[in-house]
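A.B. asks: The sequence shown: position 294 = 274 (this note's numbering), numbered continuously.
Cβ atoms here follow ideal geometry from the backbone N, Cα and C, with glycine treated the same way.
Here it is, the structure in full.
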Amino acid sequence: MRFPEYRARRLRRNEAIRSLVRETTLSVNDFIYPLFIVEGEGIKEEIKSMPGIYRFSIDKVLDEIKESLELGISAFLLFGIPGKKDEVGTSAYMKEGIIQRALRTIKDKFPQALLITDVCMCEYTSHGHCGILKGEEVDHDLTLEQLARIAVSHAKAGADWVAPSDMMDGRVARIREALDEAGFSYVAIMSYAVKYCSSFYGPFREAAESAPKFGDRRSYQMDPANAREAMREALMDVEEGADIIMVKPAMPYLDIIKMLRDSFYHPIAAYQVSGEYAMIKAASKLGYIEEERVMWESLLSIKRAGADLIITYFAKKAASLM
Ligand code: PBG
């Protein structure tokens, strides 16, 4: 590969050539669109740190899903923000909980939509931790039972996939077992296998009112310094029956996506999280970067690293420009 025999620029001369030799392409089929659902009616309130992203009441989220389906987006990741929280996150598994009602209403209206639910407790607990506490520590075994109960309640209400994001050991196996026992062997588990204890979740915690009231999540989420540990987490979840493994956040952890891609045959999802979205939005608002171009480049980088599915707040915008 020596100049002048080899000239890299030959294959960059025009768009016709570039599009022929392009190695990675994005499609609307790659996207999963996260949605925040709140109690009430007629609500569509923008999240301050995430322009273009809203909290919807159930009646309003129907419009958003309809528009998204028309743009070709078929998968949605649903987060519920309950009216009432308590120590053990009861509203996370109630038949009349926010997510359960949302699932039934959405499925009824749009049976073709693929509905994925976040299985976690932090939005539902008064203390904001992702499990049931004993003192200031998460009681692991009690939490697993609660997570299994939540997952089954989602499946009963119509969830196609469940996505446990709590990072408790053994939860994939426990959830699989509970789903199978309840007759939901076809409900897939997309596990947040490699979820880092990241500061990029800041805007989400504002949106979902899920910031821990004391302490942090370092005793259950992963240390950003670790890569080999990500392999152990992914191995564990795959052995326990995860159908899809996720890396989260996405852009600061492209090396991890690539590593998993090279080591597993399962589909890999990557979550471009709230902070990644907020940074692009804020910088473009200030005129420092061009939003659209940076959006495409960020999504492309995640796909190029090896993600099959991209969970992104840009889903609707990207789809509308395709
Ligand atoms: C729930 C959960 C979080 C996110 C997804 N599920 C927050 C957290 O772990 O604190 C973050 C998503 C985002 O930042 O967009 N545990």
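Look at the alpha carbon of leucine 15 and the alpha carbon of glutamate 50, and state the distance between them as a whole number of angstroms.
C.D. replies: 16 Å
A.B. asks: From the DSSP output, which residues share a beta bridge with isoleucine 169?
C.D. replies: Val142
A.B. asks: If alanine 210 and isoleucine 130 are in contact, beta carbons under 8 Å, what's the gap, nearest whole angstrom?
C.D. replies: With 8 Å as the limit, alanine 210 and isoleucine 130 do not qualify as a contact, their Cβ atoms being about 25 Å apart.
A.B. asks: Which residue's Cα is closest to the Cα of glutamine 201: Ile282, Phe36, Asp149 and Lys261?
C.D. replies: Asp149
A.B. asks: Between which residues of its own chain and threonine 231 is the CB-CB distance below 8 Å, once the five residues before and five after are set aside?
C.D. replies: For the record, residue 231 in the displayed sequence is methionine; it is not threonine. These residues qualify, in order along the chain: Gln252, Glu256, Ser278, Ser281 and Ile282.
A.B. asks: In the DSSP assignment, what are the bridge partners of glycine 60?
C.D. replies: Among the bridge pairs identified by DSSP, glycine 60 is matched with Ile17.
A.B. asks: For glutamate 220 versus valine 174, is the C-beta spacing smaller than 8 Å?
C.D. replies: no
A.B. asks: Quick check on DSSP: helix, strand or coil for glutamate 117?
C.D. replies: strand
A.B. asks: Report the CB separation of alanine 191 from arginine 185 in whole angstroms; it is logged as a contact under 8 Å.
C.D. replies: Indeed they touch by this definition, with Cβ atoms about 4 Å apart.
A.B. asks: Would the C-beta of phenylalanine 11 count as close to the ligand PBG, meaning under 7 Å from any of its heavy atoms?
C.D. replies: Checking every heavy atom of the ligand PBG against the Cβ of phenylalanine 11, none is found closer than 7 Å.
A.B. asks: Taking buried to mean at least 16 other C-beta atoms within 10 Å of its own C-beta, is aspartate 140 buried or exposed?
C.D. replies: Label assigned to aspartate 140: buried.
A.B. asks: If distances are taken between C-alpha atoms only, which option among Val132, Val118 and Ile79 comes closest to phenylalanine 36?
C.D. replies: Ile79
A.B. asks: Could you say if the region 26 to 34 and the region 293 to 301 meet the contact criterion of at least three C-beta pairs nearer than 8 Å?
C.D. replies: yes
A.B. asks: Could you tell me the alpha carbon to alpha carbon distance between glutamine 92 and serine 54, rounded to whole angstroms?
C.D. replies: Our two residues, glutamine 92 and serine 54, have alpha carbons roughly 8 Å apart in a direct line.
A.B. asks: Identify every run of the beta strand (DSSP E) within the region 210 to 250, keeping only runs that are complete inside it and at least 3 residues long; order them along the chain.
C.D. replies: 224 to 228
A.B. asks: For methionine 302, count neighbouring C-beta atoms within 10 Å of its own C-beta (all shown protein chains included) and say buried if the count is 16 or more, exposed if not.
C.D. replies: exposed
A.B. asks: Using CA atoms only, rank isn't needed, just tell me which of Thr97, Ile17 and Leu113 is closest to histidine 134.
C.D. replies: Thr97
A.B. asks: Indicate, with yes or no, if the ligand PBG has a heavy atom lying under 7 Å from the CB of arginine 198.
C.D. replies: For the ligand PBG, not one heavy atom lies less than 7 Å from the Cβ of arginine 198.
A.B. asks: In whole angstroms, what is the alpha-carbon distance linking serine 7 and tyrosine 13?
C.D. replies: 13 Å
A.B. asks: Who are the Cβ neighbours of tyrosine 181 in its own chain at under 7 Å, not counting the five residues just before and after it?
C.D. replies: Taken in chain order, the residues that qualify are Val253, Ser254 and Gly255.
A.B. asks: Where does the unbroken alpha helix (DSSP H) through phenylalanine 180 begin, and where does it stop?
C.D. replies: First-last for phenylalanine 180: undefined, no H or E at that position.
A.B. asks: Report buried or exposed for arginine 2, applying the criterion of at least 16 other Cβ atoms within 10 angstroms of its Cβ.
C.D. replies: Burial state of arginine 2 is exposed, judged by a 10 Å Cβ sphere holding fewer than 16 other Cβ atoms.
A.B. asks: Which residue marks the beginning of the alpha helix (DSSP H) containing serine 348, and which one marks its end?
C.D. replies: Given a span of -19 to 302 for the chain in the structure shown, any question on residue 348 remains unanswerable.
A.B. asks: Over what stretch of residues does the beta strand (DSSP E) that includes aspartate 98 continue unbroken?
C.D. replies: 94 to 99
A.B. asks: Less than 8 Å separating the beta-carbons of serine 171 and isoleucine 225?
C.D. replies: yes
A.B. asks: If methionine 147 sits next to glutamine 126, beta carbons under 8 Å apart, how far is it from one beta carbon to the other, in whole angstroms?
C.D. replies: That belief does not hold up - the Cβ atoms of methionine 147 and glutamine 126 are roughly 14 Å apart, past 8 Å.
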